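A.B. asks:
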Ligand SMILES: Cc1cc2nc3c(=O)[nH]c(=O)nc-3n(C[C@H](O)[C@H](O)[C@H](O)COP(=O)(O)OP(=O)(O)OC[C@H]3O[C@@H](n4cnc5c(N)ncnc54)[C@H](O)[C@@H]3O)c2cc1C
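In our numbering, the protein residues as written are 1095 to 1602.
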């Protein structure tokens, strides 16, 4: 009853962990409350038989400096000093478009990436080079913004990074149209769209450009011991800095008075006071159900969450196979498989469970991390986007069967595209659907991708509106639903930033 903290962090996803780490390293009295029995949210691991599966992370861009906005690996290792072993991913991705006869291995490195596209689509070098140069410009502008976060000189930004301003309201397609990137080249350029979950005709060019450039120019890595390794390393550091963590502790209410958060009430009825709160749970959850009394929620906050569009959820088929990758003919880490790369049509199909034009982004963990499973075995995860609404009509009695049907379609698509046989080799299988993600992370409707990053609601407009949308003076948000949008790097860096802003107000 008498417990009181400078800062409570609600939720131990990557955003919450980074926020608690930064606040505790600044010497604040910090309490992190997590409803699950483990830290990490999506960044965790689970074991079935002799396999330890990675539930979420496909890859993180390996940008060489912290100063660049997406240099999150350097932040983790050099600034935060976390003890994490990273493995390097060999190639960017293999794209297989079954209806178009496309099967191409895309390398990391901008020059090699452009050469590969030119080889497949002769005459595309010039527009693709211009597109990639523009992507680099955008990422450099992000670097400038993150270096000057405390006081941005907009004149300087316009002078140095005019393209950042010019393309601010554009979609990925609009820029490709202007630069006359041929459709066949877009087939090879666009597969990462599924990591942002918005079709390229609506996708904010700004965030797309930063994502594409950061992966292709920097390469990518994964932690050796699954993403649980990142979460555990954060926990270790938070404890080292005197922060406290409590698991199996759900926050049932955020108590407020006169526009300020005064504390929380846990599901067990315990009241804990705080000077400030950082929420890793989404604004949708906080403003719709956690703020108490609900009359304290300003109408503008409700309008704000209702105006945004929830991103999509996923289905993942986690497979532990009783044959090694060589025997199965799996040479690639990352496979993007679809009938075509018309992102608008692919997006439309994620709204139902018919699995007609489905795109899967699948990963063979052993190719980047050979020791991830016992010799002579393979870990393969097949992932496809689905909107949560697609599952709305599925009755509980039909749920397992429906998951199995979708899983079979994904396995079938993978086998045919890659020319392998995996069904007879399944030793362990687990299928995650939106309900699974909702259950383990508390995410509303099992949404994995936060709010959709369209030009009007992507990272730049969100960052610019952040202070106006700061409805409670001592409440900040971090994680995939906050201003940097979803993803490992974004969630971690948003937690860092939420802590820094909270500390600035509380004199830390
Ligand atoms: C299959 C899959 C593949 C992905 N691949 C990639 C990838 O390759 N690269 C990439 O960058 N991103 C990827 N992502 C996305 C990435 O995992 C997420 O964007 C990121 O982990 C979200 O972190 P977060 O900080 O928002 O926290 P979350 O992981 O959403 O965690 C929130 C935490 O808050 C807790 N919580 C919620 N409500 C309460 C409450 N009331 N009380 C107490 N605790 C509460 C939850 O239990 C949870 O632990 C993938 C996700 C999935 C599912």
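Glycine included, each C-beta is placed from N, C-alpha and C at the ideal position. As the structure is a computational prediction, the values presented were derived from the model and not from experiment.
Would you identify the three-state DSSP class for residue 1385, choosing helix, strand or coil?
C.D. replies: As a first step, residue 1385 must be located in the chain shown, where it is residue number 291. Residue 1385: strand per DSSP, three-state reduction.
A.B. asks: Take residue 1414 as the anchor and find which of 1476, 1354, 1452, 1391 has the nearest alpha-carbon.
C.D. replies: Here residue 1414 refers to the residue found at position 320 when the chain shown is read from its first residue. For the residues 1476, 1354, 1452, 1391, the minimum Cα distance to residue 1414 belongs to 1476.
A.B. asks: Are residue 1416 and residue 1519 closer than 8 Å when you measure CB to CB?
C.D. replies: For the purposes of this step, residue 1416 is identified with residue 322 of the chain shown, where counting begins at 1. For the purposes of this step, residue 1519 is identified with residue 425 of the chain shown, where counting begins at 1. Yes, these two residues count as a Cβ contact at 8 Å.
A.B. asks: Quick check on residue 1472: does DSSP put it in helix, strand or coil?
C.D. replies: Mapped onto the chain shown, residue 1472 falls at position 378. Note: residue 1472 maps to strand in three-state DSSP.
A.B. asks: Just how far apart, CA to CA, sit residue 1510 and residue 1462?
C.D. replies: Counting from 1 along the chain shown, the entry for residue 1510 is found at position 416. Counting from 1 along the chain shown, the entry for residue 1462 is found at position 368. Taking the straight line from one Cα to the other gives about 23 Å.
A.B. asks: Could you tell me which residues DSSP pairs with residue 1317 in its beta bridges?
C.D. replies: Here the question's residue 1317 lines up with position 223 in the chain shown. Note: residue 1317 sits in a beta bridge opposite 1180.
A.B. asks: Let me confirm a value: residue 1499 is counted as buried when at least 16 other C-beta atoms fall within 10 Å, else exposed. Which label applies?
C.D. replies: In the chain shown, the residue the question calls residue 1499 occupies position 405. When all chains shown are included, residue 1499 counts as exposed.
A.B. asks: Does the Cβ of residue 1400 have 16 or more other Cβ atoms within 10 Å, making it buried, or fewer, making it exposed?
C.D. replies: Taking the first residue of the chain shown as position 1, residue 1400 is located at position 306. Label assigned to residue 1400: exposed.
A.B. asks: Measure from the alpha carbon of residue 1156 to the alpha carbon of each residue in 1165, 1148, 1571, then state which is nearest.
C.D. replies: One-based indexing of the chain shown puts residue 1156 at position 62. It is 1165 whose Cα lies nearest to the Cα of residue 1156.
A.B. asks: If I follow the unbroken beta strand (DSSP E) through residue 1429, where does it start and stop?
C.D. replies: Stepping through the chain shown from its first residue, residue 1429 is reached at position 335. Secondary structure note for residue 1429: its beta strand (DSSP E) is the uninterrupted segment 1428-1432.
A.B. asks: Buried or exposed: which applies to residue 1252, given that a residue is buried once 16 or more other Cβ atoms fall within 10 Å of its Cβ?
C.D. replies: As a position in the chain shown, residue 1252 is number 158, starting the count at 1. Exposed, because fewer than 16 other Cβ atoms sit within 10 Å of the Cβ of residue 1252.
A.B. asks: With 16 as the cutoff for other CB atoms within 10 Å, does residue 1389 come out buried or exposed?
C.D. replies: Numbered from 1 along the chain shown, position 295 holds the residue referred to as residue 1389. Classification for residue 1389: exposed.
A.B. asks: Which of the three DSSP states, helix, strand or coil, is assigned to residue 1324?
C.D. replies: Locating residue 1324 in the chain shown gives position 230, where the first residue counts as 1. The answer is helix: DSSP assigns residue 1324 an H, G or I state.
A.B. asks: Leaving aside the five residues before and after residue 1293 along the sequence, list all residues of the same chain whose C-beta is less than 6 Å from its C-beta, in chain order.
C.D. replies: The count along the chain shown starts at 1 and reaches residue 1293 at position 199. If we look at residue 1293 and ignore the five residues flanking it on each side, its Cβ neighbours are 1437, 1438, 1441.
A.B. asks: The beta strand (DSSP E) that contains residue 1103, what's its start and end?
C.D. replies: Along the chain shown, read from residue 1 onward, the residue named residue 1103 stands at position 9. Run containing residue 1103: 1098-1104, per the beta strand (DSSP E) assignment.
A.B. asks: May I ask you to check if the CB of residue 1285 is nearer than 7 Å to at least one heavy atom of ligand 1?
C.D. replies: Position 191 of the chain shown holds residue 1285. No, since every heavy atom of ligand 1 falls outside the 7 Å radius drawn around the Cβ of residue 1285.
A.B. asks: Tell me the residue span of the alpha helix (DSSP H) that contains residue 1396.
C.D. replies: The residue labelled residue 1396 in the question sits at position 302 within the chain shown. Residue 1396 -> alpha helix (DSSP H) spans 1393-1401.
A.B. asks: Under 8 Å by Cβ, that's how I've got residue 1144 and residue 1524 pegged, so tell me the actual separation to the nearest angstrom.
C.D. replies: Locating residue 1144 in the chain shown gives position 50, where the first residue counts as 1. Locating residue 1524 in the chain shown gives position 430, where the first residue counts as 1. The pair is not a contact, with the Cβ atoms about 14 Å apart (cut-off 8 Å).
A.B. asks: Could you tell me which of 1234, 1382, 1350 sits nearest to residue 1367, measuring between CA atoms?
C.D. replies: On the chain shown, residue 1367 is found 273 positions in, with the first residue counted as 1. Closest by alpha carbon: 1350.
A.B. asks: Kindly indicate which residue of 1374, 1397, 1273 has the alpha-carbon position closest to the one of residue 1111.
C.D. replies: Taking the chain shown and counting its residues from 1, one reaches residue 1111 at position 17. Of the listed residues, the one whose Cα sits closest to residue 1111 is 1374.
A.B. asks: Between the Cα of residue 1645 and those of 1426, 1137, 1218, spot the shortest distance and give me the residue it belongs to.
C.D. replies: Nothing can be reported for residue 1645: it is not among the residues displayed for the chain, which extend from 1095 to 1602.
A.B. asks: Just to confirm, are residue 1314 and residue 1200 a CB contact at a threshold of 8 Å?
C.D. replies: Position 220 of the chain shown, counted from the first residue, corresponds to residue 1314. Position 106 of the chain shown, counted from the first residue, corresponds to residue 1200. Taking 8 Å as the Cβ cut-off, residue 1314 and residue 1200 do not qualify as a contacting pair.
A.B. asks: According to DSSP, which residues form a beta bridge with residue 1155?
C.D. replies: Residue mapping note: residue 1155 aligns to position 61 of the chain shown, counting from 1. Note: residue 1155 sits in a beta bridge opposite 1314.
A.B. asks: Using the Cα positions of residue 1295 and residue 1271, report the straight-line distance between them to the nearest angstrom.
C.D. replies: As a working mapping, residue 1295 is identified with position 201 in the chain shown. As a working mapping, residue 1271 is identified with position 177 in the chain shown. Spanning the two alpha carbons is a distance of roughly 10 Å.
A.B. asks: Would you mind reading off the limits of the beta strand (DSSP E) that contains residue 1441?
C.D. replies: One-based indexing of the chain shown puts residue 1441 at position 347. Element bounds for residue 1441: not the beta strand (DSSP E) but the alpha helix (DSSP H), 1437-1443.
A.B. asks: Excluding five sequence neighbours on each side, which residues of the same chain lie with their C-beta closer than 6 Å to the C-beta of residue 1263?
C.D. replies: Working through the chain shown from its first residue, we reach residue 1263 at position 169. Closer than 6 Å at the Cβ level, and outside the excluded window around residue 1263, lie 1549.
A.B. asks: By the three-class DSSP mapping on this structure, what secondary structure does residue 1230 have?
C.D. replies: Here residue 1230 refers to the residue found at position 136 of the chain shown. Three-state result, residue 1230: helix.
A.B. asks: Mind listing, in chain order, the continuous beta strand (DSSP E) runs of no fewer than 3 residues lying wholly within the segment 1481-1556?
C.D. replies: Counting only unbroken stretches of 3 or more residues, the beta strand (DSSP E) elements lying wholly within the segment 1481-1556 are 1520-1526, in sequence order.
A.B. asks: Look at residue 1582 and residue 1151 and say whether their C-beta atoms are less than 8 Å apart.
C.D. replies: Stepping through the chain shown from its first residue, residue 1582 is reached at position 488. Stepping through the chain shown from its first residue, residue 1151 is reached at position 57. Yes, the Cβ-Cβ distance between residue 1582 and residue 1151 is below 8 Å.
A.B. asks: Determine the burial state of residue 1248: buried for a count of at least 16 other Cβ atoms within 10 Å of its Cβ, exposed for fewer.
C.D. replies: Counting from one through the chain shown, the residue named residue 1248 turns up at place 154. Result: exposed.
A.B. asks: Is residue 1341 near ligand 1, going by C-beta to nearest heavy atom under 7 Å?
C.D. replies: Your numbering for residue 1341 matches position 247 in the chain shown. Checking the Cβ of residue 1341 against ligand 1 gives no.
A.B. asks: Please work out which residues of its chain come closer than 7 Å, Cβ to Cβ, to residue 1346, disregarding the five sequence neighbours upstream and downstream, and give them in chain order.
C.D. replies: Taking the first residue of the chain shown as position 1, residue 1346 is located at position 252. So the qualifying residues of the chain are 1359, 1360, 1361.
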